[in-house]
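Here is the structure we will look at.
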Amino acid sequence: MQLLSNFLKHKKTDPELVELIDTLMLACKEIALQLREGELAGVLGVTENTNVQGETQKKLDVIANEVMKKVLLDNPLVRGVASEEEDDPVFGNPEGRFLVTYDPLDGSSNIDINVSVGTIFSILEVPPGAEPSDSVELFLQPGTQQLAAGYVLYGPSAVLALTTGDGVNMFTLAHTGDFLLTHEDVTVPAETREFAINMSNQRFWEVGMQTYVSDLLAGSEGPRSKNYNMRWVASMVAEVHRILTRGGLFTYPWDSREPNKPGKLRLMYEGNPMSMLIEQAGGLSTTCYERIMEVQPEQIHQRVSVALGSREEVKVLLAYHQKHR
Ligand code: AHG
Ligand code: MN
Ligand code: MN
Ligand code: MN
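Shown next as structure tokens:
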């Protein structure tokens, strides 16, 4: 089994990017250890704080964020980081080359019920000729600018899914503390019979989404002429991992509960990194109207509507939205 860093070197990955990915994995291994301890370490449950998203922070949201922030900013390659759990970006070495956006703990509503969660990360470069000042503007680059993206899913096994723009590969965390190559050149099946959506929001969706999902539920007697299965883990990392592994469609669309927000998920550290992985594995990832990775960010925590997965199924969803615009 090949070690992560040997695999990346074999692929002639930029050595400084390899170093940064190794640094990220140091943080994720620490987070995995904290998660495994759970109640024994008194890290479950909530804090009294509300984050910039308006969510009550779990203790492990804060712990995972502190681990990521410290480990990353200790590396002089890192110019700055932006986190779901930080109001504003935090800056490190002014000469640093890389910017990292991350969701330190995705799916944290699952922590107290011991269901899979993950860490999502996206790696950008400081734009050439950028102002020397520490500004959030440095981060506001479309997803197409990402150098690398990935997640670590803390499930029955801890698995890193990673792309550096040359396909998607997966590495499993061994008891030795090494990430070992376990799935090479991952591809998303083009067709699927499985969808993932939070059905309890059905009455709030736009007509295109309501019609699309109703036709999925109509099964073989309906317009899609096949029966579908449904999954909803409420951890985006787990949903995307399932789709990378066996195909499917995941969507968290706009809904009328917060009409002024395009959706619940965040562009910079959920939408973009997951879109890079899905596209690199041959899938599609859209806002239901346009390619997510082409959205020009205006704010670091901006939301985005997400529909991603098996490309033929995403194309059908897009057609429903075009028809019902
Ligand atoms: P986070 O825990 O980082 O705030 O993200 C949770 C997200 C995503 O992981 C998941 O797909 C979605 O929220 C679940 O939302 P609902 O709880 O509304 O189903
Ligand atoms: Mn959250
Ligand atoms: Mn998340
Ligand atoms: Mn989170």
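Position 253 of the sequence shown, counted from 1, bears residue number 252 in numbering that gives the first Met the number 0, the numbering being contiguous throughout. Even glycine gets a Cβ: it sits at the ideal position worked out from N, Cα and C. Quick caveat: nothing in here was measured; it's all calculated off a predicted structure.
First and last residue of the uninterrupted alpha helix (DSSP H) at residue i
i, result
"Arg35", "Pro14 to Glu36"
"Ala237", "Met235 to Arg245"
"Leu276", "Asn271 to Gln279"
"Thr210", "Val206 to Leu216"
heavy atom of ligand 6 below 8 Å from residue i C-beta
i, result
"Leu34", "You won't find ligand 6 in this model; what it holds is ligand 1, ligand 2, ligand 3 and ligand 4."
Span of the beta strand (DSSP E) around residue i
i, result
"Ala129", "Run containing Ala129: none; DSSP gives neither H nor E here."
"Val42", "From DSSP, Val42 is part of no beta strand (DSSP E); its letter is neither H nor E."
"Gln201", "Run containing Gln201: none; DSSP gives neither H nor E here."
"Glu193", "Glu193 to Ala195"
"Val158", "Ala157 to Thr162"
"Lys57", "Thr55 to Lys57"
"Leu343", "Since the displayed the chain opens at 0 and closes at 324, residue 343 lies outside it and no answer follows."
"Tyr251", "Leu248 to Tyr251"
DSSP state of residue i mapped onto helix, strand, coil
i, result
"Lys263", "coil"
"Glu311", "helix"
"Asn5", "helix"
"Ala173", "coil"
"Gly106", "coil"
"Ser284", "strand"
"Gly142", "helix"
"Ala81", "strand"
"Ala189", "coil"
"Glu289", "coil"
"Glu47", "strand"
"Glu220", "helix"
"Lys322", "helix"
"Glu257", "coil"
Contact under 9 Å by Cβ, residue i with residue j
i, j, result
"Gln123", "Gln140", "According to the sequence displayed, residue 123 carries Leu and not Gln. Result yes, Cβ atoms of Leu123 and Gln140 sit closer than 9 Å."
"Gly247", "Glu193", "yes"
"Pro326", "Glu47", "The requested residue 326 is not part of the displayed model; the chain covers only 0 to 324."
"Lys314", "Leu283", "yes"
"Thr286", "Ala306", "yes"
"Ile20", "Leu3", "yes"
"Ala233", "Val114", "yes"
"Ile112", "Tyr150", "no"
"Leu146", "Phe97", "yes"
"Phe6", "Asn200", "no"
"Asp73", "Gly91", "yes"
"Thr191", "Glu269", "no"
"Leu23", "Val89", "no"
"Glu83", "Asp102", "yes"
"Glu293", "Thr49", "no"
"Val187", "Arg265", "no"
"Ala26", "Met67", "yes"
"Lys57", "Ile110", "yes"
Residues sharing a beta bridge with residue i, DSSP
i, result
"Met67", "Bridge partners of Met67: none, in fact."
"Ile122", "Val99 and Ala147"
"Asn74", "Bridge partners of Asn74: none, in fact."
"Val294", "DSSP, once it has assigned bridges, lists no residue as partnering Val294."
"Leu152", "Gly117 and Val158"
"Asn168", "Leu161"
"Arg302", "Arg265"
"Val89", "Val80"
"Met229", "Phe194"
Inter-residue Cα distance where the pair is residue i and residue j
i, j, result
"Thr55", "Met275", "29 Å"
"Lys322", "Gly207", "7 Å"
"Arg35", "Arg223", "43 Å"
"Glu289", "Gly117", "26 Å"
"Leu137", "Ser213", "42 Å"
"Val303", "Trp253", "8 Å"
"Ala173", "Ala129", "40 Å"
"Asp165", "Asp105", "25 Å"
"Glu278", "Gly308", "9 Å"
"Met267", "Leu215", "30 Å"
"Pro14", "Phe203", "47 Å"
"Glu135", "Val80", "In the sequence as presented, Glu is not what sits at residue 135; that position holds Val. Those two C-alpha atoms are separated by around 10 Å."
"Asp60", "Glu220", "45 Å"
"Thr100", "Arg324", "33 Å"
"Glu238", "Thr244", "10 Å"
"Arg256", "Thr210", "19 Å"
"Ser132", "Tyr251", "36 Å"
"Arg78", "Lys225", "50 Å"
"Asp177", "His320", "44 Å"
"Pro127", "Thr163", "20 Å"
"Val185", "Phe170", "11 Å"
"Ala148", "Leu32", "22 Å"
"Gly281", "Ala189", "8 Å"
"Gly37", "Ala63", "13 Å"
"Asn271", "Asp87", "18 Å"
"Leu152", "Trp231", "16 Å"
"Arg121", "His9", "It should be noted that the sequence gives Ser, not Arg, for residue 121. So the alpha carbons of these two residues sit roughly 22 Å apart."
"Ala217", "Ile196", "16 Å"
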